[in-house]
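When we follow our numbering, the leftmost residue of the sequence shown carries the number 461, and every step to the right adds one.
The structure appears right after this line, and notes come after that.
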Amino acid sequence: MTDLFEKSIHTLELPRVLEKLAEQAVTEEGKERAMALRPLTDADDVQRLQAETTAAVNMTALRGSPALSGVKPVAASLQRADMGGALNTRELLDIAAVLRAARSARDYAAGENNGKTCIDHLFASLTANRFLEDKITGSILGENEIADSASPELASIRRHIRATSAKVRDILQKLISSSQAKYLQEPIITMRSDRYVVPVRSECKNDVPGLVHDVSSSGGTFFIEPMGVVKANNELRELQADEEKEIDRILAELSADCAAHKEDIAQDYDLLIMLDVIFARAKLSYRMRASEPKIVSRGICLRQARHPLLDPNKAVANDLYLGGDFDTLVITGPNTGGKTVTLKTIGLLTLMAQCGLHIPVADDSTVMIFDRVLSDIGDEQSIAQSLSTFSSHMVNIVGILKEADDKTLILFDELGAGTDPIEGAALAAAIIEQSRELGALVAATTHYAELKVYAMTTAGVENASCEFDVNSLAPTYRLLIGIPGKSNAFAISERLGLPKEVIDKASARIDAENVRFEDVITRLEQQRQQMEQEKDQARKLRREMEDSARTAREYRDKLEKERAKAVEKAQAEARAILDEARNTADSVFKELNEMRRRQRKEEDWQKVNEERAGLRQRLNQAEDALGARPEEPAPPPTRPAQAGDTVELVKMGGTKAQVLAVNKDGSLQLQAGILKITAKQDEVRVTEEDGSKKQAQRIIHRAERQLRTVGASSEVDLRGMMTDEAVAALDSFLDNAMLAKLETVTIIHGKGTGAVRKAVREHLKRSRYVKSFRPGRYGEGEDGVTVAELR
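Written out as structure tokens, the structure is:
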């Protein structure tokens, strides 16, 4: 990367964007890597980084970011452990934190709602050594605390330490409670040089035999270890020394375990840092409301682009494009109009995209990958080199023209400024021509009217201007491509109070050609504003029409749903009445079956089943007759209901019923299907039914009466029959059972030799009526019967 390119990176303020990126990283090395990002110049590499950022954005939207906090550098610790050194508790806990983060990241990637992404291989490459992680965290409770469970030996030593300490304190407690307590400065037990002692008054030091370990600063107190606890204290010191040795051994063992997995741990750390940077890019994308640009071979098209360092709620979005119909964009307009910001936006968004960052643009934006983005922006006056502003700019431009080629984006701010306007304009046009001949894409800002004319008359060069509101004397920061800008100097001066005669004198000094040119620009601007207003009105009318159409569709859908619901409710009520009739009929069948089985086993069931099937058919006809009920409610009754009338139940959606009687209190006794109910006069409406529905009701009533007088058998007794005779009887029985719509039947064949049983079951296997069959259970006849389920 050349010095000019690096200088342009700082001029366009990419480091400020990288600072925002670093704020999103959670690890220290992740922050450092974010700050060190530089634009890549290979299209495939840029595309890979953009895809990684997009994958992280999608994963973050579904599950949030992976937990990567607490990951610290471990390379030096692993190196020392590999050389045989023992790591301290802090270093081991840092390694455990890396292993924990790696395990958490693997679990994060393996969670639900995660489709395949281009960063899956990073998660899959994590080792996540749970055994070593648990061994470290189970042995080290804190930076200065080793757990008793770190080893059985350590647990044993600490039990002995506690017991010995208690023994020493018991001995000293007895001394404090004895007659020797009068020699003590205070009746307390304290420690000096890691040994238990008691504070003795200086004048009584010879009355308490023992070892003196310390003397107070005043000399009034001697800290004496009584002879009775010397041995116990010695034992305690030995145990403490054993504890330190065991801790050193545990740390050495853990360090050796880490050294054995050095490569895996180091790889986990590197992968976690990479993921940290990738997800930092995703979080920055959310904060900037950014999106992934498409990579193209030539040109820039940034739709609704915003400068990433401006407040997204206040920044004006502009469409910026370069390299398609034209390779050079000349931006004109007054100062403070946003020309330099526009120039920086083009350059900065290009650099961000080449760093793998999403950029604050709308979808379908495209960028080209440049080898260099070179800029000459800002006041480059150099006192140290005795260079004027013009000279400093020219030094930069010379360097730019030396490096430029067809893979270069060049940004010129106030090209040709700082010298004679006529010479400066000519020089600016020549520099632009030279840059174009080198194949570079160029964006330049200027005040020179000559460059406006140059852009209008030269193929491949396009004018653009930053809009300015003369009435408010404030820029709108909107970029208008295709329209040259006006300086508006006279209008601004007049608004600020400059006398009109001064403005008139200034106007008289402008040659007629320039006046006509400015008048053309003024008329173009007026026409543009009028077209913008008409476009806004058309857009508003279109939105209103779309809203009206949507409201109409919603209302129509609502009506359709309500109509369908009403029809469905009516049909459900009709089905409910018929289902109740069927259920009652089935109950009657079961009762009759039981009575027939006990009383008359030899009855001709063929006739019974035919009658029963006929009744079923009439029930189905009645169901069809009731299937279609009117959608519109019947008119209100003109008279009270009387016995024999047909009425509709209002609360049951218009269900029909017959009035059986009128009670003394005015209530009605009704028959609705097989149901008998009581209703008030105001809960029904008298109605006249058509002939077909009356006929259906009569069929139902007659069927209900007949159903209680007929029955069908659900079992057949084949005992004592020959095989052929039994199969023929079984076939006839199954025909009758199907006509009667029985679900389950029982075939009694007895046990005997098993020939009839075998023939029956072979026939059931082949029968198209039989869904499945099984031997009888305990209480059903066991293997002497077969229970069949019919289709």
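We put the beta carbon where it would ideally sit given N, CA and C, even for glycine.
Euclidean distance between Cα positions of Ile621 and Asp717:
Translated into the one-based positions of the sequence shown, residue 621 becomes position 161. Translated into the one-based positions of the sequence shown, residue 717 becomes position 257. Distance between the alpha carbons of Ile621 and Asp717 is about 29 angstroms.
Return the residue from the list Ala1219, Asn1196, Asp1195 and Val690 that minimises the CA-CA distance to Ala1186.
Numbered from 1 along the sequence shown, position 726 holds the residue referred to as residue 1186. Comparing Cα positions, the closest option is Ala1219.
Between which two residues does the alpha helix (DSSP H) holding Arg807 run?
On the sequence shown, position 347 is the one that residue 807 refers to. Note that residue 807 is Gly in the sequence shown, not Arg. The continuous alpha helix (DSSP H) containing Gly807 extends over residues Lys799 to Gln814.
Here's the rule: buried if 16 or more other CB atoms are within 10 angstroms of the residue's CB, otherwise exposed. What is Arg766?
Numbered from its first residue, the sequence shown carries residue 766 at position 306. Result: buried.
Please work out which residues of its chain come closer than 6 angstroms, Cβ to Cβ, to Leu887, disregarding the five sequence neighbours upstream and downstream, and give them in chain order.
Position 427 of the sequence shown holds residue 887. Closer than 6 angstroms at the Cβ level, and outside the excluded window around Leu887, lie Gly876.
Suppose contacts are defined by Cβ-Cβ distances below 9 angstroms. Is Phe682 in contact with Arg661 by that definition?
Here residue 682 refers to the residue found at position 222 when the sequence shown is read from its first residue. Here residue 661 refers to the residue found at position 201 when the sequence shown is read from its first residue. Against a cut-off of 9 angstroms, the Cβ pair of Arg661 and Phe682 comes out as a contact.
Are Ser1173 and Thr1204 closer than 9 angstroms when you measure CB to CB?
The count along the sequence shown starts at 1 and reaches residue 1173 at position 713. The count along the sequence shown starts at 1 and reaches residue 1204 at position 744. Not in contact: Ser1173 and Thr1204 (Cβ atoms no closer than 9 angstroms).
Let's test the definition: count the other Cβ atoms within 10 Å of the Cβ of Met748 and tell me whether it reaches 16, buried, or not, exposed.
If you number the sequence shown from 1, residue 748 lands on position 288. Looking at its Cβ environment, which holds 16 or more other Cβ atoms inside 10 Å, Met748 is buried.
Pull up the DSSP beta-bridge partners for Pro1235, would you.
In the sequence shown, counting from the first residue as 1, residue 1235 sits at position 775. Thr1246.
What number of angstroms, rounded off, separates the C-alpha of Leu671 from the C-alpha of Glu663?
Mapped onto the sequence shown, residue 671 falls at position 211. Mapped onto the sequence shown, residue 663 falls at position 203. Leu671 and Glu663 have their C-alpha atoms spaced approximately 16 angstroms apart.
Residues near Gly530 by beta carbon distance below 8 angstroms, same chain, minus five either side
Here the question's residue 530 lines up with position 70 in the sequence shown. Taken in chain order, the residues that qualify are Ala557, Arg560 and Ala561.
Can you tell which of Thr805, Ala1117 and Thr597 has its C-alpha closest to the C-alpha of Ile469?
The residue labelled residue 469 in the question sits at position 9 within the sequence shown. Closest option to Ile469, Cα to Cα, is Thr805.
Taking the runs of the alpha helix (DSSP H) that are 4 residues or longer, which of them lie wholly in the segment 865-933?
Entirely contained in the segment 865-933, the alpha helix (DSSP H) runs reaching 4 residues are, in chain order, 881-897 and 909-917.
Run through DSSP, which three-state label would Cys761 get?
One-based indexing of the sequence shown puts residue 761 at position 301. Of the three classes helix, strand and coil, the one that applies to Cys761 here is strand, per DSSP.
How close, in whole Å, do the beta carbons of Val689 and Tyr656 come, if the pair is a contact with beta carbons under 8 angstroms?
Indexing the sequence shown from 1 puts residue 689 at position 229. Indexing the sequence shown from 1 puts residue 656 at position 196. The beta-carbon distance between Val689 and Tyr656, rounded to whole angstroms, is 6 angstroms. This is short enough to meet the 8 angstroms contact definition.
Considering only residues of the same chain and omitting the five flanking positions on each side of Ala610, which have a CB-CB separation below 6 angstroms?
Here the question's residue 610 lines up with position 150 in the sequence shown. Here the set comprises Ser599 and Ile710.
Answer yes or no: do Ser895 and Leu861 have a C-beta to C-beta separation smaller than 9 angstroms?
Position 435 of the sequence shown, counted from the start, is the residue given in the question as residue 895. Position 401 of the sequence shown, counted from the start, is the residue given in the question as residue 861. Yes, the pair counts as a contact, with Cβ atoms nearer than the cut-off.
Assign Lys834 to one of three DSSP states: helix, strand, or coil.
Looking up residue 834 in the sequence shown gives position 374. First, the amino acid is wrong: residue 834 is Leu here, not Lys. It is a strand residue.
At 4 residues or longer, and completely inside the segment 1181-1237: list those alpha helix (DSSP H) runs for me, N to C.
Counting only runs that start and end inside the segment 1181-1237, the alpha helix (DSSP H) elements of at least 4 residues fall at 1183-1199 and 1215-1226.
In the structure shown, what three-state DSSP assignment does Pro403 receive?
Outside the shown range of the chain (461 to 1251) lies residue 403, about which nothing can therefore be said.
Cβ pair Pro944, Ala915 closer than 9 angstroms:
Start at 1 with the first residue of the sequence shown, and residue 944 comes out as number 484. Start at 1 with the first residue of the sequence shown, and residue 915 comes out as number 455. In contact: Pro944 and Ala915 (Cβ atoms closer than 9 angstroms).
Count the CB pairs spanning the segment 865-872 and the segment 820-835 that are closer than 8 angstroms, and state whether there are at least three.
The segment 865-872, when compared against the segment 820-835, does touch it at the 8 angstroms Cβ threshold.
Give me whichever residues DSSP pairs with Ser751 in a beta bridge.
Locating residue 751 in the sequence shown gives position 291, counting from the first residue. In the DSSP assignment, Ser751 forms a beta bridge with Ile819.
For Ala885 versus Thr906, is the C-beta distance shorter than 9 angstroms?
By one-based count along the sequence shown, residue 885 stands at place 425. By one-based count along the sequence shown, residue 906 stands at place 446. Note that the C-beta distance between Ala885 and Thr906 is below 9 angstroms.
Counting C-beta neighbours from all protein chains within 10 Å, is the total for Leu714 16 or more, i.e. buried, or is it exposed?
Residue mapping note: residue 714 aligns to position 254 of the sequence shown, counting from 1. That one is buried.
According to the neighbour-count rule (16 or more other Cβ atoms, all chains shown, within 10 Å of its Cβ), is Thr1011 buried or exposed?
Taking the first residue of the sequence shown as position 1, residue 1011 is located at position 551. Thr1011 is exposed by the Cβ-count criterion.
Please report the straight-line C-alpha distance between Thr514 and Leu474, rounded to a whole angstrom.
Within the sequence shown, the letter at position 54 stands for residue 514. Within the sequence shown, the letter at position 14 stands for residue 474. Going from the Cα of Thr514 to the Cα of Leu474 covers about 20 angstroms.
Kindly list the residues whose CB is nearer than 7 angstroms to the CB of Asp736, restricted to its own chain and excluding five residues on each side of it in sequence; keep chain order.
Working through the sequence shown from its first residue, we reach residue 736 at position 276. The beta carbon of Asp736 sits closer than 7 angstroms to those of Ala485, Val486, Thr487, Gly490 and Leu528, all from its chain and outside the five residues before and after it, given in chain order.
What are the boundary residues of the beta strand (DSSP E) that Asn589 is part of?
Your numbering for residue 589 matches position 129 in the sequence shown. Element bounds for Asn589: n/a, residue is neither H nor E.
Could you have a look at Lys595 and say whether DSSP puts it in helix, strand or coil?
Counting from 1 along the sequence shown, the entry for residue 595 is found at position 135. Assigned with DSSP and collapsed to three states, Lys595 falls in helix.
How is the beta strand (DSSP E) around Gly670 delimited, first residue to last?
In the sequence shown, residue 670 corresponds to position 210, counting from 1. Judged by DSSP secondary structure, Gly670 falls within the beta strand (DSSP E) whose first and last residues are Gly670 to Val675.
Alpha carbon to alpha carbon, how far is Ala546 from Gln539? Give it in angstroms, no decimals.
Taking the sequence shown and counting its residues from 1, the one referred to as residue 539 is at position 79. Taking the sequence shown and counting its residues from 1, the one referred to as residue 546 is at position 86. C-alpha separation (whole angstroms): 11 angstroms.
Proximity below 9 angstroms, CB of Asp1231 to CB of Leu1202
By one-based count along the sequence shown, residue 1231 stands at place 771. By one-based count along the sequence shown, residue 1202 stands at place 742. A small correction: the amino acid at residue 1231 is Lys; Asp does not occupy that position in the sequence shown. No. Outside cutoff.
Pop quiz: Ile892 and Thr792 are said to be a contact at Cβ under 8 angstroms. What is the actual Cβ separation, rounded to whole angstroms?
Looking up residue 892 in the sequence shown gives position 432. Looking up residue 792 in the sequence shown gives position 332. So it is not a contact: roughly 13 angstroms between Cβ atoms.
For Ala1034 and Ala1188, what's the separation of their Cα atoms in angstroms?
One-based indexing of the sequence shown puts residue 1034 at position 574. One-based indexing of the sequence shown puts residue 1188 at position 728. Cα to Cα, Ala1034 sits roughly 41 angstroms from Ala1188.
Would you call the CB atoms of Ala726 and Arg763 closer than 9 angstroms?
Along the sequence shown, one-based indexing puts residue 726 at 266. Along the sequence shown, one-based indexing puts residue 763 at 303. The answer is no: Cβ separation not under 9 angstroms.
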